[in-house]
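Read through the structure below, which is laid out as structure tokens, and then see the notes.
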Amino acid sequence: MATSNRSQARASSPSAGRVSSPPTRPGGRILTLRVDNDGRKVEIFDYYLKPVACEEGPAFELSKLQGDGETYHVRIGEDASCECKGFLRWGHCKHVDSLTALKQSNRL
Ligand SMILES: [Zn+2]
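Everything in the sequence shown is counted per the working numbering, starting at -15 for the first residue and increasing by one.
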């Protein structure tokens, strides 16, 4: 008798971010990312979100509001990419994941 195989994935992926409207500065909005690390620790990151022209897909410039104000160029779509260390190391990151989720739900 098979035991029920309920492999409910522990969601450690970032929940979709939030984009504020109206714009907070010309051509830019605030993107708030809420990263849930296995439900133990929640980190909030705020970025200025600015669409940038890119032929290969929807692309954005994210400038961190806190800390050292790092800026990442993020592209979503089939050939997603990001400049952050996470993406370089793992091939995915919270920036790409959340922008993709926002795009898919038409909230970008
Ligand atoms: Zn990234």
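Don't be surprised by glycine CBs; every beta carbon is placed ideally from N, CA and C. Since this is a predicted model, take the numbers as computed values, not measurements.
When the Cα atoms are used, what is the spatial distance from D30 to D63? Each residue's Cα considered, the two are about 24 Å apart.
Specify the secondary structure class of S47 as computed by DSSP and reduced to three states. Strand at S47.
Alpha carbon to alpha carbon, how far is R18 from V58? Give it in angstroms, no decimals. Each residue's alpha carbon lies about 17 Å from the other.
H76 versus L86 - alpha carbon distance: Spanning the two alpha carbons is a distance of roughly 16 Å.
Please list the terminal residues of the continuous beta strand (DSSP E) segment that includes F81. It should be noted that the sequence gives Asp, not Phe, for residue 81. DSSP places D81 in no beta strand (DSSP E) but in the uninterrupted alpha helix (DSSP H) bounded by 78 to 88.
In whole angstroms, give me the CA-to-CA distance for L83 and N90. Distance between the alpha carbons of L83 and N90 is about 10 Å.
Nearest-angstrom Cα separation, counted from N21 out to T55: Their Cα atoms are separated by approximately 23 Å.
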